[in-house]
Structure formats: structure tokens, C-alpha cells
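Report on one structure; see the data block that follows.
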Amino acid sequence: MEKKMPRIEIIEKYCKGCRICVEFCPKDVLEMKGFYASVKNIEACISCMQCELRCPDFAIKVITE
Amino acid sequence: MAYDYEKYIRPGKLPHIWCPGCGHGIVMKGLIRAMGTLNLKKEETALVSGIGCASRLPGYIDCCTLHTAHGRAVPFATGIKMARPEMNVILVGGDGDGTAIGGNHFIHACRRNIDMTYIIMNNYIYGMTGGQFSPCTPTGDKASTTPYGNPDPGFDLAKLAIGAGATFVARGTAFHANQIDKLIVEAIQHKGFSVVEILDDCPTTYGRRNKYKSVIEMMNRLKEIAVPVKAAEKMTAEQLKGKVLTGVLYKEEIKPEYTAEYAKVIERAKAAK
Numbered sequence: 001m002e003k004k005m006p007r008i009e010i011i012e013k014y015c016k017g018c019r020i021c022v023e024f025c026p027k028d029v030l031e032m033k034g035f036y037a038s039v040k041n042i043e044a045c046i047s048c049m050q051c052e053l054r055c056p057d058f059a060i061k062v063i064t065e
Numbered sequence: 001m002a003y004d005y006e007k008y009i010r011p012g013k014l015p016h017i018w019c020p021g022c023g024h025g026i027v028m029k030g031l032i033r034a035m036g037t038l039n040l041k042k043e044e045t046a047l048v049s050g051i052g053c054a055s056r057l058p059g060y061i062d063c064c065t066l067h068t069a070h071g072r073a074v075p076f077a078t079g080i081k082m083a084r085p086e087m088n089v090i091l092v093g094g095d096g097d098g099t100a101i102g103g104n105h106f107i108h109a110c111r112r113n114i115d116m117t118y119i120i121m122n123n124y125i126y127g128m129t130g131g132q133f134s135p136c137t138p139t140g141d142k143a144s145t146t147p148y149g150n151p152d153p154g155f156d157l158a159k160l161a162i163g164a165g166a167t168f169v170a171r172g173t174a175f176h177a178n179q180i181d182k183l184i185v186e187a188i189q190h191k192g193f194s195v196v197e198i199l200d201d202c203p204t205t206y207g208r209r210n211k212y213k214s215v216i217e218m219m220n221r222l223k224e225i226a227v228p229v230k231a232a233e234k235m236t237a238e239q240l241k242g243k244v245l246t247g248v249l250y251k252e253e254i255k256p257e258y259t260a261e262y263a264k265v266i267e268r269a270k271a272a273k
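Protein chains in written order, with the numbering used here: chain A, 1 to 65; chain B, 1 to 273.
Written as C-alpha cells, this is what we have:
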């Protein structure tokens, strides 16, 4: 069965640009684009949810099926 | 699947007021997950706080909430619990609010062993009022009122709670986010006074003055100093120097719970008439 890619949603309205998600992603999926976090390399995402867990601002959602 | 935090958040309240990188948001998420795991009913849960950055938390959560005077979360919460013992009473607050201004209330609630859960977010400083040192600021650290270093030794909050008679004491950190909800779940389930200390970061008033270049450095520090209780058993005193134990530090179920004991007093008084 083909692995379904997770989807990462970043709510820019809530993001305060603290970089926690970018720095602590074990697979280097995220990057900073200007003030906000953004997705760089979704193929590498293993849905470990660490970014979602550690985001203090409720700004990241990792959506898996 | 992404966790649905919205079900416990008051509509329109986000984004919250905390600074970029402040760990209070991480703790709030942990609390929401714990409430979800236990399926706490909003009308049967009271969230009480004093004053401070951390004490802003109940404003965002959709349940019975009470934002009280500085350091006075414990007396208000005790009132709720005594009047409605079936309610789940959860207190949130910072280290200054809990151990300095509300210090006396805190130790006596521990002594009474009243069935409440106190989540203390320890960021080592009074954040909201401008970075004054708190009883938890480590020796030598700088604050707005100790620009040449703090001469006082800091409290070990967990030891204070155990010494004062709390029956459940746990510690986590904002870095170890997936542990926070597990500790809070266990604390809420425990019948008696439960203290959960979460080591936190305050990049604005503490980090800036103490040579932490970024939130990431502060988070890495939390990662480095935390040692799980089980791992610490195999470590020497030398290796444990400067480290902080995390996990469930103390738990006992022998000491009677206060509201149950008080109900007995009421029964005795009625019988004596």
C-alpha cells in the first residue's frame, strides 16, 4: 500500500515566529519564511507530531489520514 | 491526526498574549490534552488562577474558570472544592504567584491534602511585572531586581511540596511536551493534593538577562538538565549535579483527603445535636 503523505497546516494568524518547530523537527521538514514557519520538505515528514506538540501558539497542525 | 484543541478553547480567544517561544502555551496544550483524555465535563471542571503570565491561562479555556487575586488561587479553589466536592478543581499559576505571594496558602493546601491539582509553571522569574527575581530564581542568575546576580538560593519546588505534605508530586518540562499531559492526567486522577511543576522558559525577561541567545537555547537547556527519575537511580551524585529529576517524584495514598474528612466532621456535629 502506498504511504499517504501527511499534510502540515501552519496558521499564520497564530504563528509568532519562535522557531521551536523548525529547530526541533528531527527530519528538517520546516523552515522559516520571513516571520512565519513554513513547510520546506513534506516528503521527509514522519508524522512524529513534535512540531504540533511543541508549538506554544496552536499554529501547527499535522494532518494524517 | 492533528489534535482538536479547539473543543476546550473559548472561541475567538487565540492568539494568546504570551511572548514568542513562551512555554506556557505548550503547558496549556498539555492541560487540554489531559482534560480530553479524562473526558472532563466543562461544567464539572473549575480552573483557578492567581495573577501572572501563567495565570492568564484560564481565560482561554472553556470551562468554569476563576481569575483571582495575586497568590490567592489556593484559597478560592479551596472554597470551590469545599462547597462542591464533586468538582474537578485545577489550579494554574507561576512560580512567583505560587511560592512567594501565595507561598503560605500553597504549603497549607499541601498539608491539608485537599483533592486539587496545582500546575505550577516555573519559569524562574516574575515575567508579567517586569522580571523581578522569584523564590525559584537560581543563585547567581540575573533579574531586573538583581542586576549583579541573585544571592538567594532558589526553592526546590517539588521538595517543598513533598515536605509540606502533598501526596502527589511530579515534574516535567516544556521541552518534553508529550509527557506533560500524562503527568497532569495522573495528578487529576490522584485523590489528594497533587502538584505538577513544569519547568518553563521565559525568553523575554529571564533569557534575555541571563545570556540565552534564543528560545532554542532555553529549550535545549531544559532538554539537558532533565533526567527521568528511573534513569537517575543508576546515576552517581556527580553525574546528577546540576540536573533536575522529572516524572512522578512522589506518590502516597495513605493520607486522608480533606473534603472526605470534613464531611465526617459535619456528620459528627449533626449527631452531637
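For each residue, glycine too, the CB sits at the ideal point set by N, CA and C.
Three or more beta-carbon pairs drawn from the segment 84–100 of chain B and the segment 109–118 of chain B are found closer than 8 Å, and the two stretches are therefore classed as touching. Rounded to whole angstroms, the separation of the alpha carbons of residue 82 of chain B and residue 210 of chain B is 43 Å. By the rule that beta-carbons nearer than 8 Å mark a contact, residue 128 of chain B does not touch chain A. The beta carbon of residue 191 of chain B lies closer than 6 Å to those of 115, 257 in the same chain, with the five residues before and after it left out. By the Cβ neighbour-count rule, residue 235 of chain B is exposed, with fewer than 16 other Cβ atoms within 10 Å of its own. Straight through space, the alpha carbons of residue 180 of chain B and residue 8 of chain A are spaced by roughly 23 Å. Of the candidates B:97, B:103, B:4, the residue whose Cα lies closest to the Cα of residue 59 of chain A is B:4.
Residue 272 of chain B and residue 260 of chain B have their C-alpha atoms some 19 Å from each other. Collapsing the DSSP output to three states places residue 64 of chain B in a strand.
The secondary-structure analysis by DSSP pairs residue 38 of chain B with nothing; it has no beta-bridge partner.
Beta-bridge pairing by DSSP links residue 9 of chain B to B:61. The closest CA to that of residue 18 of chain A, considering only A:65, A:62, A:61, A:51, is found on A:51.
Taking 8 Å as the Cβ-Cβ cut-off, the segment 12–36 of chain A approaches chain B at 13, 14, 16, 17, 18, 19, 20, 23, 24, given in chain order. Residue 25 of chain B counts as buried, since at least 16 other C-beta atoms from the protein chains shown sit within 10 angstroms of its C-beta.
Annotation for residue 220 of chain B: no beta strand (DSSP E) segment contains it, though the alpha helix (DSSP H) segment containing it runs 215–225.
Under the criterion of beta carbons closer than 8 Å, residue 250 of chain B and residue 175 of chain B do not qualify as touching, at roughly 22 Å. Of all alpha-carbon atoms in B:170, B:34, B:166, the one lying nearest the alpha-carbon of residue 253 of chain B is that of B:166. The beta carbons of residue 94 of chain B and residue 154 of chain B sit about 14 Å from each other, so the pair does not count as a contact at 8 Å. With its beta carbon at least 8 Å from every one in chain B, residue 39 of chain A lies outside the interface.
Annotation for residue 199 of chain B: the continuous beta strand (DSSP E) segment containing it runs 194–199. DSSP, reduced to helix, strand and coil, places residue 53 of chain A within a helical segment of the structure shown. Using a Cβ-Cβ cut-off of 7 Å, residue 61 of chain A is close to 2 of chain B, given in chain order. Under a 10 Å Cβ-count criterion, residue 12 of chain B is classified as exposed, with fewer than 16 other Cβ atoms of the shown protein chains found around its own Cβ. Within chain A, no C-beta atom comes nearer than 8 Å to that of residue 195 of chain B; the closest sits roughly 22 Å away. Between the segment 66–77 of chain B and the segment 216–232 of chain B there are fewer than three C-beta pairs closer than 8 Å, too few to call the two in contact. The Cβ-Cβ distance between residue 47 of chain A and residue 62 of chain A falls below 8 Å.
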